[in-house]
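Numbering (the UniProt record's numbering), first residue to last: 1 to 437.
Idealized CB from N, CA, C, for every residue including glycine.
None of these values were measured; they are calculated from a predicted model.
Here the structure comes first, spelled out in structure tokens, and everything after it is commentary.
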Amino acid sequence: MSQPPPPPPYAASSAQQQQGLSTSPSSHHPPHNPHHHPQGLSLPPAPPVNDMMDDMRLFLRTITAFRNYDVQARTSLIVREQNFKRLPARHQQLLAAANVSLNEIFSNYHNGVTCNQQFLTAMCDAGAELFEGYWPDVDPSTIPQDEPSPMDVDKVFSTLRQFMRDWSAEGAQERSVAYGPILHALTTSLFPNRATRNAVRVLVPGAGLCRLSVELALLGFTCQANEFSYHMLIAGHYAQNHLSEQHQHRLYPYVDNTCNMFHRADQFFPVDVPDVCVMDAVDELNANGMHFGDLSMVAGDFTEVYRKPEHRGAWNVVASSFFLDTAHNILEYLEVIMGALAPGGYLVNVGPLLYHFADSLSSALSPETPGSASVDGVQSIELSLDELLGAAKALGYIIHTPPQILETSYTGNNRSMKQMMYRVAFFVLQKPYDETR
Ligand SMILES: C[S@@+](CC[C@H](N)C(=O)[O-])C[C@H]1O[C@@H](n2cnc3c(N)ncnc32)[C@H](O)[C@@H]1O
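This is the structure we're talking about:
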């Protein structure tokens with residue numbers, strides 16, 4: 001399994017950026033409409049123009065990384081093809097005798113990359129509307145073009161696999177382990193009455209491509225997704241607003257994975273997205289006399305957005321999947337969640353403790369003076385599960401459902417010889433009704 005990379009650097013001002021994307025439960029309208037802000041949600045005062053320009057540059061750099069996917073992918077392809085072509089004639093004959101057709105392999109490889117690029121280009125074209133009216137009024141062609149960083153490029157490749165996880169039939173197994181227990185807890189023990197669920201406000205931090213938040217709104221909850229990565233915001237926006245029919249796109253998320261294959265066909269395994277078209281699902285609900293909840297999206301750093309006074313006590317549930325370990329300081333996440341929850345509210349979590357910033361420890365070790373370390377690097381606080389739950393109790397949380405351990409991959413390729421499994425923890429914490437407890 002490719003482990004989720006740490007989030008990309010994000011300009012500090014972006015934390016204040018709050019783009020309200022509202023829902024429309026009416027027939028065949030995108031459930032998110034970026035031009036229509038949900039009731040009661042307003043954009044905060046715009047940050048200084050220079051900060052917004054930095055944000056805009058980062059956004060444009062992300063778009064460039066998506067649009068240049070094929071250049072990157074074909075660079076590896078060409079090297080691989082040349083390596084085969086440099087084989088001595090006798091080895092080429094061996095492969096031909098084994099019915100290995102290099103022409104076929106590399107033609108399929110090229111086609112897979114082309115298909116992926118068509119999808120990503122459509123996504124970028126749609127992404128232009130995402131922050132329309134928010135950016136400073138400047139001609140984008142006058143803005144200096146930044147080269148995407150290696151991490152920007154990596155995230156493009158992992159975004160394709162995130163589509164597999166969130167929006168394809170292939171990802172159903174992962175979703176059933178990660179999202180299944182959250183949906184089950186919310187709809188059975190916690191809020192079994194569908195008719196009153198639109199009064200239940202659920203926040204999904206680190207929402208990725210937003211399948212969990214969409215599922216929650218389909219079940220009638222009022223749901224808000226939060227993300228701070230432009231890769232995810234652009235891709236999540238496309239998934240919700242522009243995938244207007246089932247199996248609209250065919251992707252090849254493993255086309256660049258040439259190791260650990262049992263069969264060559266595994267490299268070219270196609271994935272059709274979406275397995276469920278949100279607009280069709282909303283139509284179906286309406287036809288059955290049920291209502292889509294409410295769905296909104298907020299762009300920005302979780303701690304900066306949700307520690308604001310307007311979020312104090314505003315949420316009945318925080319539903320986190322593979323999110324808590326993205327913290328520099330997980331205790332701060334617990335505090336912010338405690339503040340944002342209404343009395344009696346729940347933190348419903350599934351995830352590992354693969355602390356995203358743990359690797360930054362190496363940058364703090366001083367190469368000049370072996371044995372010494374600097375504390376000026378990126379902070380990463382790594383607690384075990386029992387330490388985390390102990391700290392949660394000390395903070396005032398009640399352990400409503402003790403941890404259950406579940407096995408799952410994350411954007412895994414289940415056809416590969418290499419399988420990476422997490423043993424993730426599902427647990428539910430509750431904020432007491434009486435905060436003095
Ligand atoms: C491992 S992914 C999980 C995505 C999704 N919840 C899932 O289960 O597939 C973690 C997500 O959290 C987002 N994220 C990390 N730190 C964040 C922060 N401080 N504020 C908002 N989003 C954050 C990342 O961009 C990434 O999309």
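- By the 16-neighbour rule on beta-carbons within 10 angstroms, residue 245 is exposed.
- At the C-beta level, residue 162 and residue 235 come within 8 Å of one another.
- Counting of Cβ neighbours within 10 angstroms places residue 430 among the buried residues, the total reaching 16 or more.
- Annotation for residue 197: no alpha helix (DSSP H) segment contains it, and DSSP assigns it neither H nor E.
- Remark: C-beta atoms of residue 255 and residue 433 do not approach each other more closely than 8 Å.
- Assignment of residue 297 by DSSP, reduced to helix, strand and coil, places it in the strand class.
- With fewer than 16 other beta carbons inside 10 angstroms of its own, residue 421 counts as exposed.
- Rounded to the nearest angstrom, the gap between the Cα atoms of residue 413 and residue 419 is 7 Å.
- Using a Cβ-Cβ distance cut-off of 8 Å, the stretch 59 to 76 and the stretch 218 to 237 are in contact, since at least three pairs of beta carbons, one from each stretch, lie closer than that value.
- Rounded to the nearest whole angstrom, the C-alpha separation of residue 184 and residue 290 is 19 Å.
- Under DSSP, residue 246 shares a beta bridge with no residue.
- Between residue 317 and residue 134, the alpha-carbon positions lie close to 29 Å from each other.
- Residue side-chain check: residue 262 keeps its Cβ at 7 Å or more from all non-hydrogen atoms of ligand 1.
- The beta carbon of residue 336 is closer than 6 Å to those of 303, 306 and 307 in its chain, skipping five residues each way along the sequence.
- Checking the DSSP bridge columns, you'll see residue 261 partnered with 416.
- Straight-line measurement puts the Cα of residue 319 at about 12 Å from the Cα of residue 340.
- Listed in chain order, the non-local C-beta contacts of residue 343 below 8 Å within the same chain comprise 313, 431, 432, 433, 434 and 435, local neighbours out to five positions each way being set aside.
- Between the alpha carbons of residue 396 and residue 338 lies a distance of about 9 Å.
- For residue 115, the enclosing alpha helix (DSSP H) has its first and last residue at 102 to 127.
- Distances from the alpha-carbon of residue 51 to those of 136, 128 and 122 put 136 closest.
- Scanning its chain for C-beta atoms nearer than 8 Å, with the 5 sequence neighbours on each side dropped, one finds no residue around residue 288.
- For residue 321, the secondary structure class from DSSP, reduced to helix, strand or coil, is strand.
- Note on residue 196: under 16 other CB atoms within 10 angstroms of its CB, so exposed under the neighbour-count rule.
- Within the same chain, Cβ atoms closer than 6 Å to the Cβ of residue 382 are found at 355 and 358, the five residues on either side in sequence being excluded.
- Within the model, the alpha-carbon separation for residue 128 versus residue 58 is close to 13 Å.
- According to the DSSP secondary-structure assignment, residue 133 is paired through a beta bridge with no residue.
- Judged by DSSP in its simplified three-state form, residue 400 adopts strand.
- Counting along the chain, the unbroken alpha helix (DSSP H) around residue 387 starts and ends at 385 to 395.
- Only residues of its own chain outside the window of five on either side were considered, and among them 267, 415, 416 and 417 have a CB closer than 8 Å to the CB of residue 261, listed in chain order.
- For residue 285, the enclosing alpha helix (DSSP H) has its first and last residue at 278 to 287.
- Residue 87 counts as exposed, since fewer than 16 other C-beta atoms from the protein chains shown sit within 10 angstroms of its C-beta.
- Counted as a single uninterrupted DSSP element, the alpha helix (DSSP H) harbouring residue 80 occupies residues 69 to 85.
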